[in-house]
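If you're matching them up, the sequences are chains A and B in order. Everything in the first sequence is counted per numbering that gives the first Met the number 0, starting at 0 for the first residue and increasing by one. Everything in the second sequence is counted per numbering that gives the first Met the number 0, starting at 0 for the first residue and increasing by one. Cβ coordinates follow ideal geometry from the N, Cα and C atoms, glycine included. It should be emphasised that the depicted structure is a prediction, and the values quoted were computed from it without experimental measurement. Read the structure below first, then the notes.
2 protein chains.
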Amino acid sequence: MTKTTFSPRGHKHDLEEGAAFAPAFDASGLIVCVTIEERTGDILMVAYMNEESLQLTLDTGIAHYWSRSRKALWRKGDTSGQTQHVVDMRTDCDQDAILIRVRVGGDGQACHTGRRSCFYRSVVAQDGGPALIFDDGDHPH
Amino acid sequence: MTKTTFSPRGHKHDLEEGAAFAPAFDASGLIVCVTIEERTGDILMVAYMNEESLQLTLDTGIAHYWSRSRKALWRKGDTSGQTQHVVDMRTDCDQDAILIRVRVGGDGQACHTGRRSCFYRSVVAQDGGPALIFDDGDHPH
Numbered sequence: 000m001t002k003t004t005f006s007p008r009g010h011k012h013d014l015e016e017g018a019a020f021a022p023a024f025d026a027s028g029l030i031v032c033v034t035i036e037e038r039t040g041d042i043l044m045v046a047y048m049n050e051e052s053l054q055l056t057l058d059t060g061i062a063h064y065w066s067r068s069r070k071a072l073w074r075k076g077d078t079s080g081q082t083q084h085v086v087d088m089r090t091d092c093d094q095d096a097i098l099i100r101v102r103v104g105g106d107g108q109a110c111h112t113g114r115r116s117c118f119y120r121s122v123v124a125q126d127g128g129p130a131l132i133f134d135d136g137d138h139p140h
Numbered sequence: 000m001t002k003t004t005f006s007p008r009g010h011k012h013d014l015e016e017g018a019a020f021a022p023a024f025d026a027s028g029l030i031v032c033v034t035i036e037e038r039t040g041d042i043l044m045v046a047y048m049n050e051e052s053l054q055l056t057l058d059t060g061i062a063h064y065w066s067r068s069r070k071a072l073w074r075k076g077d078t079s080g081q082t083q084h085v086v087d088m089r090t091d092c093d094q095d096a097i098l099i100r101v102r103v104g105g106d107g108q109a110c111h112t113g114r115r116s117c118f119y120r121s122v123v124a125q126d127g128g129p130a131l132i133f134d135d136g137d138h139p140h
């Protein structure tokens, strides 16, 4: 297991206004991560990190996640070449979310469906309830 | 309880390539929502919705969340005036995350600390481990 260097969770004011990085992992040991494409500012994906994957992301500068479906550490791009080089990382007020801006290797895609971003559909109101529309011209390859 | 109009969860291919909106709520009944400022494209916050708050967001065009700390439906802006008008909504490949682009009312802030965005600090490597830096000029009001 990778040695982690996170601070212990402090009081609310310290978490919000302090300089200590004290990420909150949920009951499953995970923190949500929003991944943004450096070039466009577009959101590529939302995924999860455990302590080890967050630490490895910091240590290596390459995005590591925790795959909830495979229950495994996941260095994105290992099989696809779509490695995500982390340009910068942010956290939010209560430090229970991570935001990374990345430069994507390989063919530049992030979604396993063969698209650049996972958010390739809009939710729109229709008779009978909301439906999805493919509207970003981001076709699978 | 608000009547919901979501589709039942289908098979993987239907979830990814279909037109039915079948959001996945986790064991706590929640789905993560990333909220983006329409004007700038900046990420304002990451929060959670339950079925009712997602349905109300669709029905009213105003962002509703579920407050995990207060365990209550939360129509953002009710006390602060920082109402979020939803310009559009997206979901991701497996439909377990929501993305909304909003126009913020009131003073335009989204963070309870008095800042425009909750992501006002970068995580940077320092001797002894990662630390946080306030670097976006987004000072509390």
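query                                                                                                                                    : result
Per-residue DSSP class, three states only, for Gln-94(A)                                                                                 : coil
7 angstroms Cβ cutoff met for Val-85(B) and Gly-113(B)                                                                                   : no
Alpha-carbon spacing of Trp-65(B) relative to Gln-81(B), whole angstroms                                                                 : 16 angstroms
Below-7 angstroms beta-carbon distance, Ser-79(B) vs any chain A residue                                                                 : no
Where His-111(A) meets chain B, residues with beta-carbon distance less than 8 angstroms                                                 : Cys-92
Beta-carbon contacts of Pro-129(B) that lie in its chain and below 8 angstroms, excluding the five residues immediately before and after : Val-122, Val-123
Those runs of the beta strand (DSSP E) which lie wholly inside the stretch 4 to 58 of chain A and span at least 3 residues               : 30 to 36, 42 to 48
Pairwise C-alpha distance: Asp-91(A) and Leu-14(A)                                                                                       : 9 angstroms
DSSP three-state assignment for Ala-130(A), whether helix, strand or coil                                                                : strand
Test item: CB-CB of Arg-120(B) and Phe-133(B) under 7 angstroms                                                                          : yes
C-beta contact flag for Gly-104(A) and Gly-76(A) at 7 angstroms                                                                          : yes
Arg-89(B) (DSSP reduced to helix, strand or coil)                                                                                        : strand
Status (buried if at least 16 other CB within 10 Å, exposed otherwise) for Arg-83(B)                                                     : In the sequence on display, residue 83(B) carries Gln and not Arg. Gln-83(B) should be labelled buried.
Which listed residue (Ser-6(A), Leu-131(A), Arg-74(A)) has its alpha carbon closest to that of Glu-16(B)                                 : Leu-131(A)
When Gln-125(A), Val-101(A), Ala-21(A) are compared against His-12(A), the one with the closest alpha-carbon                             : Ala-21(A)
Buried versus exposed, by CB contacts within 10 Å (16 or more), Arg-38(A)                                                                : exposed
From Leu-29(B), Leu-55(B), Thr-56(B), Ala-18(B), residue whose alpha carbon lies closest to that of Tyr-47(B)                            : Leu-29(B)
Rounded Cβ spacing between Gln-94(A) and Ala-18(A) (contact assumed at less than 8 angstroms)                                            : Not really, about 12 angstroms apart at Cβ, beyond 8 angstroms.
Paired residues, beta bridge with Arg-100(A) - DSSP                                                                                      : Ile-35(A), Asp-87(A)
Paired residues, beta bridge with Gln-125(A) - DSSP                                                                                      : Gly-128(A)
Span of the beta strand (DSSP E) around His-63(B)                                                                                        : 63 to 66
The beta strand (DSSP E) enclosing Ala-71(A), as first and last residue numbers                                                          : 71 to 74
Proximity test, Cβ basis, 7 angstroms: Val-122(B) and chain A                                                                            : yes
C-alpha distance - Arg-69(B) paired with Ser-6(B), whole-angstrom precision                                                              : 28 angstroms
Gly-80(A) beta carbon near the ligand SAM (any heavy atom closer than 6 angstroms)                                                       : Only the bare structure without any ligand can be found here, which leaves the ligand SAM out of the picture.
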